[in-house]
Amino acid sequence: MAVHDDSNGQKKKSSDSLDEIPTFNVENMQNNTRIINYSRTFMSIIGGVIAGILGYTALTGFIFYFVIMAITTVGLAAKTGFAVHSFFDSWNQIVFDGILGGLLVTL
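Last residue of the sequence shown: 94 in our numbering, with the numbers rising by one and none dropped.
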């Protein structure tokens, strides 16, 4: 842990500073986003197969798709231990990324 001197001459640990900027590894963030897209595409295919077997069409199938995506979102958040900001920029990435692309797969 690094130690910094503040203007009063007191020593302060870098981990105690509240105004530090978090750093992210871009490659890991891209990999995490890719995993979200693969997961949503896979769940879209599985959801489409299940909807077809159960005979869900039109509005019922559309609602079923969004239920499957909600379950997928909860599963992805649980996989991160609900500490989404450790793996992604914001909750928007885990909630909204890949939903419309997956919708085209199921149609």
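Beta carbons: idealized from backbone N, C-alpha and C, even for Gly.
Which residues bound the alpha helix (DSSP H) around residue i?
i     : result
Thr28 : 13 to 41
Phe96 : An answer regarding residue 96 cannot be provided, because it is not within the stretch -12 to 94 covered by the chain.
Gly85 : Counting along the chain, Gly85 falls outside any alpha helix (DSSP H), and DSSP gives it neither H nor E.
Phe51 : 45 to 66
Excluding sequence positions up to five away, which residues of its chain have a Cβ less than 7 Å from the Cβ of residue i?
i     : result
Thr20 : Gln80, Asp84
Pick from the options: whose alpha carbon is nearest that of residue i?
i     : options                    : result
Asn12 : His72, Trp78, Gly88, Phe53 : His72
Asn15 : Ile86, Val82, Phe74        : Phe74
Ala38 : Ser26, Ile55, Ile23, Arg27 : Ile55
Ile50 : Ser31, Leu63, Gly68        : Ser31
Val36 : Gly48, Ser26, Tyr25        : Gly48
Might you give, ordered along the chain, the residues of its own chain that have their beta carbon closer than 8 Å to the beta carbon of residue i, omitting 5 neighbours on each side?
i     : result
Thr60 : Ile81, Val82
Arg27 : Met56, Thr59, Asp84, Gly85, Ile86, Gly88, Gly89
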